[in-house]
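Novice: In this note's numbering, the protein residues as written are -6 to 251.
For glycine and all other residues, C-beta sits at the position ideal for the given N, C-alpha and C.
Nothing here was measured: the structure is a model prediction, and the numbers come from that model.
One structure, as structure tokens, below. Some questions next.
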Amino acid sequence: MKNIRSKRIFTDPGLGLFQQDIRTYNAEDYKVWETLFIKQSKKLPEVAANAYRQGFQALRLSEEKIVNLKEVSYRLGMNTGWRVQVVPGRVSEHLFFSLLQGKKFPVTSWLRRLDELDYPIEPDLFHDAFGHVPLLMNESFSQFLQGLAAISLRYIDNPLALALLERVYWYTVDFGLIKEKDGLRAYGAGILSSSGEMYYSLSDEPKHCAYEVEEVMNTPFWKNKFQDKYFIVNSFEELTNSLPLIEEKVAELLQKAE
């Protein structure tokens, strides 16, 4: 099936029909992948978390060819039991969290255009494969992701609860920072796949705060500009260990909102 950008929100759990078709990528697609890959990978040693860099190396991603999702899925599965699920675009919240709970990470197969290099309209193949997938090789982080999905499914019919959980996902999985022995490093996919936000997030310009579940839930985020605030963990185990508190705080904040 052709790699397309779809505006539909897919709800069908039978996604087996959707596959990445390497043959349909054109010269612009290859130029986009190569340009972004070279630009971002050069910065990884001084910006990215150690666990991300280890996963990046293990997956053997390269600027020379657009990532083959079937190969990446196989390597993930052999190491962590996770798989990549190709999706045609956005999926419903229920399907998204169901995939994550089942250790399947949804990855779209379309690539942004050359005039969208710095900030695509919505997540594309580069954001998903370069930004998200390498960290799935880390057991503690992937356990956190699976646990967060399980909590979200328990509240799937509660919009307020999902909004609170979305903030947790946003400030960790997409825009999280971690303190390592060499200093502050990024692990969020939104940072690692964005040239400008890589350095901005680690600079003195935004506010850096310790990861506190309730504060994260009370902090709005921006989709169309850099964040005002980033939250820092000391380890990915800290994220996993916070899962019971996340569920507790959701219940508490929902009760206060009644």
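Using the DSSP secondary-structure output, state which residues sit across from V65 in a beta bridge.
Specialist: Indexing the sequence shown from 1 puts residue 65 at position 72. V65 pairs with nothing; no bridge assigned.
Novice: In the structure shown, what three-state DSSP assignment does F257 receive?
Specialist: Because the chain spans -6 through 251 in this model, residue 257 falls outside it and cannot be assessed.
Novice: Going along the chain, which residues of its own chain have a beta-carbon closer than 8 Å to the beta-carbon of P152, five neighbours each way excluded?
Specialist: Start at 1 with the first residue of the sequence shown, and residue 152 comes out as number 159. Closer than 8 Å at the Cβ level, and outside the excluded window around P152, lies no residue.
Novice: Touching or not, the region 81 to 92 and the region 18 to 26, by the rule of three or more beta carbon pairs under 8 Å?
Specialist: No, because fewer than three Cβ pairs between the region 81 to 92 and the region 18 to 26 fall closer than 8 Å, the two stretches do not touch.
Novice: How is the beta strand (DSSP E) around Y223 delimited, first residue to last?
Specialist: Taking the sequence shown and counting its residues from 1, the one referred to as residue 223 is at position 230. Residues K222 to V226.
Novice: Determine the direct distance from the alpha carbon of V25 to that of R106, and round the result to whole angstroms.
Specialist: Position 113 of the sequence shown, counting from 1, holds the residue named residue 106. Position 32 of the sequence shown, counting from 1, holds the residue named residue 25. Each residue's alpha carbon lies about 7 Å from the other.
Novice: Hey, could you find the ends of the alpha helix (DSSP H) P237 is sitting in?
Specialist: Taking the first residue of the sequence shown as 1, we reach residue 237 at position 244. It spans L236 to A250 - the alpha helix (DSSP H) in which P237 sits, taken as one unbroken run.
Novice: For I184 and W75, what's the separation of their Cα atoms in angstroms?
Specialist: Position 191 of the sequence shown holds residue 184. Position 82 of the sequence shown holds residue 75. Approximately 22 Å between the Cα atoms of the pair.
Novice: If we ignore side chains and look at the alpha-carbon of each, how far apart do L246 and C202 end up?
Specialist: Counting from 1 along the sequence shown, the entry for residue 246 is found at position 253. Counting from 1 along the sequence shown, the entry for residue 202 is found at position 209. Answer to the nearest angstrom: the Cα atoms are 21 Å apart.
Novice: Which whole runs of the alpha helix (DSSP H) in the region 12 to 50 are 4 residues long or more, in chain order?
Specialist: Taking only runs of at least 4 residues, the alpha helix (DSSP H) segments lying wholly in the region 12 to 50 are 20 to 34 and 37 to 40.
Novice: Return the bridge partner residues of A203 from the DSSP annotation.
Specialist: Residue 203 sits at position 210 when you count from the first residue of the sequence shown. DSSP output for A203 lists I225 as bridge partner(s).
Novice: Tell me the DSSP bridge mates of G176?
Specialist: Sequence index remark: in the sequence shown, residue 176 carries index 183 (1-based). G176 is bridged to E173.
Novice: Which residues in the same chain as Y164 place their Cβ atom closer than 6 Å to its Cβ, once the five residues preceding and following it in sequence are excluded?
Specialist: By 1-based counting over the sequence shown, the position of residue 164 is 171. For Y164, where only same-chain residues beyond five positions count, the Cβ hits under 6 Å are V209 and F224.
Novice: For F98, write down the residues that DSSP places opposite it in a beta bridge.
Specialist: For this step, residue 98 is matched to residue 105 along the sequence shown. Note: F98 sits in a beta bridge opposite V77.
Novice: So, for D117: in the same chain, excluding its five sequence neighbours on each side, which residues have a beta-carbon less than 7 Å away from its beta-carbon?
Specialist: In the sequence shown, residue 117 corresponds to position 124, counting from 1. T101, W103, L104 and R105, listed in sequence order.
Novice: Assuming F219 and Y193 form a contact by the criterion Cβ under 8 Å, report the distance between their Cβ atoms to the nearest whole angstrom.
Specialist: Against the sequence shown, residue 219 aligns to sequence position 226. Against the sequence shown, residue 193 aligns to sequence position 200. Yes, they are in contact, since the Cβ atoms of F219 and Y193 sit about 5 Å apart, within 8 Å.
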